[in-house]
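Each remark here refers to the structure printed beneath this line.
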Amino acid sequence: MPEQAQIMVDKILQLEVFHELAKREINLTGGEPSQNPHIVEIFKIFRKLTPNVRIHTNLDISSEKSQRWQRLVEIMKFSGRVDFTLYPTVWESRQKPLLVKILGLQKELIVNMIFEKVSDLLSQIETLITFFGEREKKFQSVLSLLGIYRAKLESLLGENPECSERAFLKHMEGVENYICTDNFTFGLNMIPGFYVDKNGVRAMNSQPFPKDFNLLECTIPRGTIEIITVQQTGEITPCCDVGNLKCQPKFGNLLMDSPAEIMSQLEVSRKKMVSGALKNIQNMNSGKAGEWVEEGIPPYCV
Ligand code: SF4
604 MPEQAQIMVD
614 KILQLEVFHE
624 LAKREINLTG
634 GEPSQNPHIV
644 EIFKIFRKLT
654 PNVRIHTNLD
664 ISSEKSQRWQ
674 RLVEIMKFSG
684 RVDFTLYPTV
694 WESRQKPLLV
704 KILGLQKELI
714 VNMIFEKVSD
724 LLSQIETLIT
734 FFGEREKKFQ
744 SVLSLLGIYR
754 AKLESLLGEN
764 PECSERAFLK
774 HMEGVENYIC
784 TDNFTFGLNM
794 IPGFYVDKNG
804 VRAMNSQPFP
814 KDFNLLECTI
824 PRGTIEIITV
834 QQTGEITPCC
844 DVGNLKCQPK
854 FGNLLMDSPA
864 EIMSQLEVSR
874 KKMVSGALKN
884 IQNMNSGKAG
894 EWVEEGIPPY
904 CV
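Numbering (our numbering), first residue to last: 604 to 905.
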């Protein structure tokens, strides 16, 4: 609700560490934010903190007459940026016609792509190549970026079609995921899905828990907060954990707690993360990798 958004903004203004983060960028996600009848008003309230307020939509919208679409248009007219997640099943019928409209209303775009296998990702890249290939010349740089991805992915599929996440990241090392020209800024956000094989091992996964050997370097014990998530309830979770990582130390509640209470909770949680990260390293060195520590941080956070 707008009233809650206003309370959050007022509180953020009193919390220097959060205010600095908010000035960089605010992402309004969901659920599906375009379904919120108050989203335009909420957007305007958060715009008081930064010009960089982004809305993430699934763009699974049936027509331009839909109120959901009208809300997105209004936000774009106020210089908000709409980003979307490509869903191949609704691409042709719903997303594609509206993306044409979006490109007429904003000069930036991030496309999220969720994939379980490299072949899924390649297929989505090809969908975008076809789409931008039919557009004006100003999208030439977008096509160049997508072409690099297509070539890389094709060679990876040829060499190692069932590659692990590690092999994938190694192969893609150094490839930029955005392009910026005078006319247009375009970014790709590739999110590996949660494919689990019959032995319970994730071949490609975005969150390295609980079985993967990837480590997540937590910035908080190192004294920096780079990202926080505020849920609709006001609960503040560290990093981008919206509940999936099950990180227990929290930063308080932006709606209910005073700035002083939030700062004190933040310090308590930071100490837990420092101690938990040390114990995680000890566990990994003593054959107990994957065990949860009493501080409640995920076992591969270090
Ligand atoms: S401990 Fe892990 S999940 Fe928790 S904030 Fe740090 S990186 Fe995120």
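A virtual CB, placed ideally from N, CA and C, is assigned to each residue, including glycine.
Short of 7 Å in beta carbon distance, which residues of its chain neighbour residue i, apart from the five on each side in sequence? Order them along the chain.
i	result
glutamine 727	Leu689, Pro691, Met716, Phe718
glutamate 820	Val905
tryptophan 694	Thr730
valine 620	Ile828
Could you compute how far the alpha carbon of residue i sits from the alpha carbon of residue j?
i	j	result
glutamate 765	leucine 618	47 Å
leucine 662	asparagine 763	33 Å
glutamate 897	serine 872	12 Å
leucine 749	isoleucine 732	6 Å
valine 656	leucine 631	7 Å
glutamate 994	glutamine 743	For the chain, the structure presents residues 604 to 905; residue 994 sits outside this window and is missing.
alanine 770	lysine 849	27 Å
asparagine 780	valine 676	26 Å
asparagine 786	threonine 827	34 Å
proline 824	lysine 874	7 Å
leucine 791	valine 745	10 Å
phenylalanine 649	methionine 876	29 Å
leucine 702	serine 669	15 Å
threonine 660	proline 902	32 Å
lysine 741	leucine 725	23 Å
isoleucine 782	arginine 671	29 Å
tyrosine 752	valine 778	8 Å
valine 907	glycine 761	Residue coverage of the chain in this structure runs from 604 to 905, which leaves residue 907 outside it and unanswerable.
glutamine 638	methionine 887	44 Å
phenylalanine 735	valine 714	13 Å
serine 767	leucine 706	35 Å
alanine 907	proline 852	In this structure the chain extends from 604 to 905, so residue 907 is not present and cannot be described.
isoleucine 642	methionine 679	12 Å
lysine 704	serine 747	22 Å
tryptophan 895	leucine 818	14 Å
aspartate 723	proline 636	26 Å
proline 640	isoleucine 884	46 Å
glutamate 739	glutamate 776	30 Å
arginine 674	proline 700	17 Å
phenylalanine 687	lysine 773	27 Å
threonine 784	glutamate 667	29 Å
Beta-carbon within less than 8 Å of residue i's beta-carbon, same chain only, minus the 5 sequence neighbours each way: which residues are those?
i	result
leucine 652	Val612, Ile615, Leu616, His622, Ala625, Lys626, Ile629
phenylalanine 931	Here the chain has residues from 604 to 905 only, and residue 931 is not among them.
arginine 697	Leu662, Asp663, Ile664, Ser665
lysine 647	Phe681
With a CB to CB cut of under 6 Å and the five nearest residues on each side skipped, what residues in its chain are close to residue i?
i	result
isoleucine 610	Leu858
threonine 822	Glu829
valine 833	Ile839, Leu857
isoleucine 645	Pro605, Ala608
lysine 710	Phe787
glycine 634	none
Quick one: is residue i buried, meaning 16 or more other Cβ sit within 10 Å of its Cβ, or exposed?
i	result
methionine 604	exposed
valine 685	buried
serine 758	exposed
glycine 683	buried
asparagine 808	Note that asparagine 808 scores a pLDDT of 41, beneath 50, so its modelled location is shaky; the value from the coordinates is reported in the next line. Buried.
glutamine 756	Just to set this straight, residue 756 is leucine in the shown sequence, not glutamine. Buried, by the Cβ-count rule.
isoleucine 900	buried
isoleucine 794	exposed
leucine 712	buried
leucine 863	In the sequence on display, residue 863 carries alanine and not leucine. So alanine 863 counts as exposed.
Problem - Stretch-stretch touch, CB-based, cutoff 8 Å, three pairs: the segment 880-895 with the segment 833-841 - result: Because the criterion of three Cβ pairs below 8 Å is not met, the segment 880-895 and the segment 833-841 do not touch.
Exercise for the section: Can you check the segment 633-665 for any alpha helix (DSSP H) of at least 4 residues that lies completely inside it and give the ranges in chain order? Expected result: 642-650
Handout entry: In chain order, each alpha helix (DSSP H) run of at least 4 residues that lies wholly inside the segment 826-901
Key = 862-888
Exercise for the section: Output the residue ranges of the alpha helix (DSSP H) runs that lie fully inside the segment 726-765 and measure 4 residues or longer, sorted by chain position. Expected result: 743-762
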